[in-house]
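I have placed the structure first, in the form of structure tokens, so that the comments after it can refer back to it.
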């Protein structure tokens with residue numbers, strides 16, 4: 001690092017000053033801790049998530065800006081998945097001595113862009129020297145206690161829904177890890193992606209690859225959707241899909257004491273796949289179920305509320321949703337079935353320590 | 001790691017269940033995020049800090065339990081330094097694949113022991129695979145907004161005080177890094193140290209080394225002291241000494257727009273030094289000023305409030321405090337002077353990226 005810790009901290013503080021203009025921030029970065037006003041009648045919601053070099057990304061293809069965006073989005077996704085509104089975040093960086101200050105600035109620029117878009121202030125953090133780069137983000141939110149949507153309320157007979165399309169992030173990760181998409185393309189994607197995931201016209205030739213990369217680096221956080229669902233109080237359980245439908249639906253079933261029957265063919269798959277990104281072993285269904293990192297919502301709802309759900313979505317122009325199955329008694333387990341009625345071995349989801357079927361993080 | 005991620009998470013959740021019995025914890029570990037009741041009229045205080053392998057500790061001498069204690073204490077210290085009461089914490093672990101589950105359990109045992117002692121609940125966290133071990137802790141607290149003590153209020157003429165004794169943690173670090181104290185002794189220290197830093201009688205022969213190690217691993221967090229000082233509203237500024245008096249007093253001066261004159265001889269030094277831990281270049285004054293990690297409090301106070309300060313301390317049996325100097329105009333800078341009136345070059349404090357004078361983290 002060609003800058004002192006104090007110099008780096010000053011640089012970051014200047015960058016953060018404008019972002020802490022929210023009236024809720026009583027004291028922003030620069031003291032022992034940040035001080036935040038808390039809205040009366042609300043509970044505090046808090047979660048943490050980390051991006052680690054050589055595990056979640058490699059520096060030969062990741063850019064600081066896109067890492068900053070992804071680190072924030074992966075963390076804030078957990079806040080929305082509770083039906084809560086994000087308020088603040090703190091970033092703890094582990095930085096190798098070789099890290100350029102400009103790279104650190106890029107991390108903060110990317111993070112701030114997304115935090116501003118989704119209504120959160122970056123109020124503090126920490127930097128440590130480290131042999132590997134890591135970005136650990138804690139996000140806080142606020143919620144009226146009776147609007148919280150946990151993983152534990154799914155009931156037998158409930159319908160299971162997911163938002164958007166799945167598998168894109170895992171396919172992007174597979175291409176990055178296997179070298180079919182390189183750092184030069186990621187850099188072009190960074191330039192082409194603006195807040196809101198619009199792809200600029202100058203990059204229309206590469207639009208397919210950029211769209212694919214956006215699923216990995218700038219996942220579509222369902223902010224408005226989750227807040228409206230929470231307000232409507234029609235979801236019996238909700239989770240964000242960080243480890244794949246297999247693992248995350250498994251969490252809901254475990255916490256709710258229920259089983260599930262999923263119709264594999266009804267899982268909405270990312271389908272704008274550029275030719276160069278598709279290999280023989282790229283089974284999108286497999287990636288959607290075992291891949292993860294899409295950060296779409298998975299939720300359950302009593303069938304009597306489905307009309308209300310679709311009305312809510314239509315009126316507010318929310319994203320597409322798909323019914324992928326239904327909740328069954330716990331004794332029936334979690335079953336994945338195709339349209340011919342053939343059952344597949346239960347999908348386990350990604351395990352960070354045991355490795356996984358697809359990909360090799 | 002000889003356990004799946006899911007197995008490890010289950011193990012940790014069982015361990016955390018009993019600790020989340022606080023009525024303030026609406027929803028503890030196991031969902032997308034934790035949900036916490038927030039006391040009306042209070043602001044949220046939040047801070048984060050990390051311990052990183054090969055930077056803050058080495059695995060050939062650190063134990064899981066002592067790392068868990070230190071990670072929590074270093075983070076919670078920032079909450080108390082604002083005059084706030086800690087409420088919850090989240091732990092984000094980076095774990096090498098080789099990590100034994102028992103080591104992870106030890107981290108949580110140590111952390112929980114200290115968190116319970118100081119009134120905080122561990123409400124959530126994250127585990128990631130990582131090439132190096134890191135423990136990143138975020139602690140939240142609550143405070144009445146007008147009781148907050150920042151770094152920014154020191155006034156010319158204020159007296160500068162520190163709690164306890166300084167230099168012990170840095171001397172312990174020096175001995176650990178230079179190999180004079182090894183892992184076997186750390187393991188004995190772990191067994192001998194109970195909550196509250198009492199040394200058991202069976203280890204009286206090694207009491208000196210254990211006491212020294214306790215300064216590094218289980219620093220004396222001034223919980224009662226900081227809360228009483230906040231309540232009394234007599235401190236014009238406060239900081240916890242994490243990087244040494246040099247750096248941390250420098251922070252107060254920078255934020256307050258003032259200078260300082262420190263009488264070096266009045267800095268209270270850790271003096272129970274075991275013979276084997278003292279080397280020719282172990283200058284305790286140097287370690288107290290540039291070493292850090294003591295987590296004692298440094299605060300400023302108007303001289304007219306000093307009688308009240310001493311009365312408060314005596315009545316409540318708080319720790320010893322020492323007046324080490326006074327606040328001067330900004331134009332006079334920060335000056336360190338000995339009893340003969342000789343001035344020393346301004347002490348810079350520890351810079352994690354630029355290296356430092358004493359020690360070699």
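Residue numbers (the working numbering), protein chains in the order written: chain W, 1 to 361; chain D, 1 to 361. Every residue, glycine too, gets a C-beta built ideally from N, C-alpha and C.
key: Host beta strand (DSSP E) of residue 87 of chain D (start-end)   = Start and end: 85-95.
request  = Would you mind reading off the limits of the beta strand (DSSP E) that contains residue 328 of chain D?
outcome  = 321-329
query = Looking at the structure shown, is residue 207 of chain W part of a helix, part of a strand, or coil, going by DSSP?
reply = helix
At least 3 beta-carbon pairs within less than 8 Å: the stretch 105-112 of chain W vs the stretch 244-259 of chain W = no
query = Can you give the Cα-Cα distance for residue 17 of chain D and residue 59 of chain W, rounded to whole angstroms?
reply = 38 Å
Extent of the continuous beta strand (DSSP E) run through residue 240 of chain W = 235-240
key: Which listed residue (D/140, D/160, D/270, D/119) has its alpha carbon closest to that of residue 90 of chain D   = The candidate whose alpha carbon is nearest that of residue 90 of chain D is D/140.
Residue 150 of chain W at chain D interface by Cβ criterion, 8 Å = yes
key: Sequence-distant residues of its chain with Cβ nearer than 7 Å to residue 103 of chain W (five each side left out)   = Only 64 meet the Cβ criterion.
ask   = Does any C-beta atom of chain D lie closer than 8 Å to the C-beta of residue 30 of chain W?
value = yes
ask   = Which first and last residues belong to the alpha helix (DSSP H) in which residue 117 of chain D is found?
value = Secondary structure note for residue 117 of chain D: its alpha helix (DSSP H) is the uninterrupted segment 101-117.
query = For residue 136 of chain D, which residues in chain W fall below 9 Å Cβ to Cβ?
reply = What residue 136 of chain D touches in chain W: 48, 50, 92, 94, 126, 128, 134, 136, 138.
ask   = DSSP on residue 80 of chain W, reduced to helix/strand/coil?
value = Note: residue 80 of chain W maps to helix in three-state DSSP.
ask   = What number of angstroms, rounded off, separates the C-alpha of residue 193 of chain D from the C-alpha of residue 117 of chain D?
value = 14 Å
request  = Along the beta strand (DSSP E) that carries residue 136 of chain D, what are the first and last residues, could you check?
outcome  = 134-143
Residue from D/328, D/327, D/312 whose Cα sits closest to the Cα of residue 321 of chain D = D/312
ask   = In three-state terms, what does DSSP make of residue 270 of chain D?
value = coil
message = When you compare the CB positions of residue 238 of chain D and residue 35 of chain W, do they come within less than 8 Å of one another, or not?
response = no
ask   = Can you find a C-beta in chain W that's less than 8 Å from the C-beta of residue 359 of chain D?
value = Since pLDDT at residue 359 of chain D reaches only 31, below the 50 mark, its modelled position is unreliable, and no value is offered.
query = Thinking C-alpha only, which one of W/143, W/210, W/85 is nearest residue 169 of chain W?
reply = W/210
task = Have a look at D/111, D/78, D/22 and flag the residue whose alpha-carbon is nearest the alpha-carbon of residue 69 of chain D.
result = D/111
request  = Starting from residue 301 of chain W, find everything on chain D with Cβ-Cβ shorter than 9 Å and list it in chain order.
outcome  = From the beta-carbon of residue 301 of chain W, no residue of chain D is found nearer than 9 Å; the closest lies around 17 Å away.
Amino acids of chain D, ordered along the chain, whose beta-carbon sits closer than 8 Å to that of residue 82 of chain W = Within chain D, the residues near residue 82 of chain W are 31, 32, 33, 35.
query = Is residue 128 of chain W closer than 8 Å to residue 183 of chain W when the C-beta atoms are compared?
reply = Against a cut-off of 8 Å, the Cβ pair of residue 128 of chain W and residue 183 of chain W comes out as no contact.
ask   = Do we get a CB-CB distance below 8 Å when we pair residue 255 of chain D with the residues of chain W?
value = yes
Residue interval of the beta strand (DSSP E) (run including residue 127 of chain W) = Per DSSP, residue 127 of chain W belongs to the beta strand (DSSP E) from 121-129.
request  = Let me know if residue 185 of chain W comes out buried or exposed under the rule of 16 or more other beta-carbons within 10 Å of its beta-carbon.
outcome  = buried
query = Shortest alpha-carbon distance to residue 300 of chain D belongs to which of D/293, D/309, D/294?
reply = Nearest C-alpha to residue 300 of chain D: D/309.
query = If you draw a straight line from the C-alpha of residue 126 of chain D to the C-alpha of residue 281 of chain D, how long is it?
reply = 41 Å
key: Within the stretch 157-188 of chain W, ranges of the alpha helix (DSSP H) (whole runs, at least 4 residues)   = 168-177
key: residue 304 of chain D at chain W interface by Cβ criterion, 8 Å   = no
ask   = Taking Cβ positions only, does residue 88 of chain D come closer than 8 Å to chain W?
value = Yes, its Cβ sits closer than 8 Å to a Cβ of chain W.
request  = Say whether chain D places a C-beta atom closer than 8 Å to the C-beta of residue 258 of chain W.
outcome  = Chain D contact via Cβ: absent.
Limits of the beta strand (DSSP E) - the one that residue 50 of chain W falls within = 43-52
query = Looking at the C-beta of residue 13 of chain W, does it have a partner C-beta in chain D at a distance below 8 Å?
reply = No - not a single Cβ of chain D is within 8 Å of the one on residue 13 of chain W.
ask   = Does any residue of chain D bring its CB to less than 8 Å from the CB of residue 42 of chain W?
value = yes
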